[in-house]
Amino acid sequence: MTKLGVWYDFRNPVEYAMPWRDLYTGLIDQAVHAEEIGFHSIWVSEHHFLDEGYLPALAPMLAVLATRTKDIKLGTAVLLAPLHHPLRLAEDMAFIDQLCGGRLELGIAPGYRPEEFRVMGIPKTQRGKRTDETIELLQLAWKGERFSYESEHFKFDDVIVAPPPFTVGGPPLWIGGNSTAASFRAAKYGCGFMPDSGAGKEIYDAYQQNYHGARAPRLATNRVIFAAETHDKAWELAGESLLYQFNGYRKWFGDAGDADTHGAALTDYRELNGSFYFVGTPDEIIESIQAAESQFGFEELIFWARPPGMPIDVSTKSLELIAKEVLPIVSAK
């Protein structure tokens, strides 16, 4: 059985723009509603320096969600570790974990967009090492004791993070990424592993085979899920937003040199295909989730609650249909 979580980036594409405050309040209200109708978790992710305003402020958003929700898990999917000072990150997330009563889970990754590293003044070549050092510092800082630490990029003597997290030892950590290096990082530090939809079975297996941790290994992943009464209706409602989303990530990965993105952007959502899209009727979505779970063995599946540019009410109707007809079949809480 698979736990289902909703995922937000709060993007506001210029061509579909709505007032920022309306976007934030509308999607926060939707996230609260997601808890009410039975979803397991709410996840937020970050990027920076984009016209569309991809969420640049994870900690404030998590704090808002912590005070507006009651029992649902809250997480980052993912936080870009090299762009954050690790001690400030440890403090912020310990505070939020106190605020939400231990419901926080922290997914982190090295990041990939060159512009973010350039503007922040951090060499992109340091991203892997800085991510490792951030993990080590979080695990030390969240013990609730004074500590010292020295690495290639950081040195701290006799410091303490207070208050400590509500969760003894700190919020569970997840490592994002599709590479073997990411799976090894998660395994080495005893973290959960959160590969994207493009990861092959061998990446999942590498994590399981190399895992070293006191907690049992944990696997989560993501997909696009959108439901309507018919297959065609689902694509008619979601297609343009999903096309915008696809072309955006395609460009970013291409700029980062992480994917072959030669050629023009797609111009028709009917060109979208592949295992990433669970778009259709509830029965079709159930079949897709069960097949993916059987293949990859993940315990949690998160999905974009509202693809960029989609009217909030349209995405809410999809969530309600998923909660009514998909959750009872696939989800364990």
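Residue numbers (my numbering): 901 to 1233.
Cβ coordinates follow ideal geometry from the N, Cα and C atoms, glycine included.
- Segment contact: the segment 1045-1061 against the segment 996-1011, fewer than three CB-CB distances shorter than 8 Å; contact not assigned.
- Comparing alpha carbon positions, the residue from Y908, G1028, W1135 and Y1089 closest to E1052 is G1028.
- A Cβ-Cβ separation of about 37 Å leaves F1054 out of contact with V1124 under the 8 Å criterion.
- For S1141, the three-state secondary structure derived from DSSP is helix.
- Contact fails between the segment 1181-1188 and the segment 1197-1205, because fewer than three Cβ pairs, one in each stretch, are under 8 Å apart.
- Residues of the same chain with a CB within less than 8 Å of the CB of A1081, apart from the 5 flanking positions on each side, are G1028 in chain order.
- Straight across, the Cα-Cα distance linking L974 with L1073 is about 12 Å.
- If you check the CB distance, G1090 and L1038 do not come in under 8 Å.
- Closest option to E915, judged by alpha-carbon separation, among T967, Q1145 and D1096: Q1145.
- Annotation: the continuous beta strand (DSSP E) that includes L974 extends over K973 to L980.
- Here DSSP, grouped into helix, strand and coil, assigns T1121 to strand.
- Within the model, the alpha-carbon separation for D1032 versus A1223 is close to 37 Å.
- Selection P1207, T1121, D1155 and D992 evaluated against N912 yields P1207 as nearest (Cα-Cα).
- Put simply, the segment 1099-1108 touches the segment 1117-1135. At least three CB pairs are less than 8 Å apart.
- The beta-bridge partner set that DSSP reports for M1094 consists of G1076.
- The beta carbon of W920 sits closer than 8 Å to the beta carbons of N912 and G953 from its chain, once the five residues preceding and following it are set aside; these are given in chain order.
- As the crow flies, the alpha-carbon of M918 is around 10 Å from that of Y924.
- When only Cα atoms are considered, L983 and F1017 end up about 7 Å apart.
- Per DSSP, reduced to three states, the secondary structure at S1175 is coil, with no helix or strand assignment.
- S1231 and A959 have their C-alpha atoms spaced approximately 28 Å apart.
- DSSP, reduced to helix, strand and coil, places D1168 outside both helices and strands of the structure shown, so it counts as coil.
- Residue pairing for L989: DSSP places it in no beta bridge.
- Under DSSP, F1047 takes part in a beta bridge, and its partners are V1059.
- Distance from the CA of S1218 to the CA of G905, rounded to the nearest whole angstrom, comes to 14 Å.
- Cβ contact annotation for R988 (same chain, cutoff 8 Å, sequence separation greater than five): none.
- Sequence-distant Cβ neighbours of D951 in its own chain, meaning closer than 7 Å and more than five residues away, are V914.
- Approximately 11 Å separates the beta-carbon atoms of P1182 and E1220; this is outside 8 Å, ruling out the contact.
- The C-beta separation of L1142 from L1166 comes to about 10 Å, leaving the pair out of contact by the 8 Å criterion.
- Rounded to the nearest whole angstrom, the C-alpha separation of E1129 and W1135 is 11 Å.
- V1068 is the residue among E946, I928 and V1068 whose C-alpha sits nearest the C-alpha of L1040.
- Separation of the CB atoms of L965 and A931 is rounded to 6 Å, and the pair is thereby assigned contact status at 8 Å.
- Per DSSP, reduced to three states, the secondary structure at Y1104 is helical.
- Cβ-Cβ distances below 6 Å link I1035 to Y1089 in the same chain, with the five nearest sequence neighbours on each side left out; the list follows chain order.
- With fewer than 16 other Cβ atoms inside 10 Å of its own Cβ, A1114 counts as exposed.
- Out of A977, S1097 and D997, the CA that lies nearest to the CA of E1193 is found in S1097.
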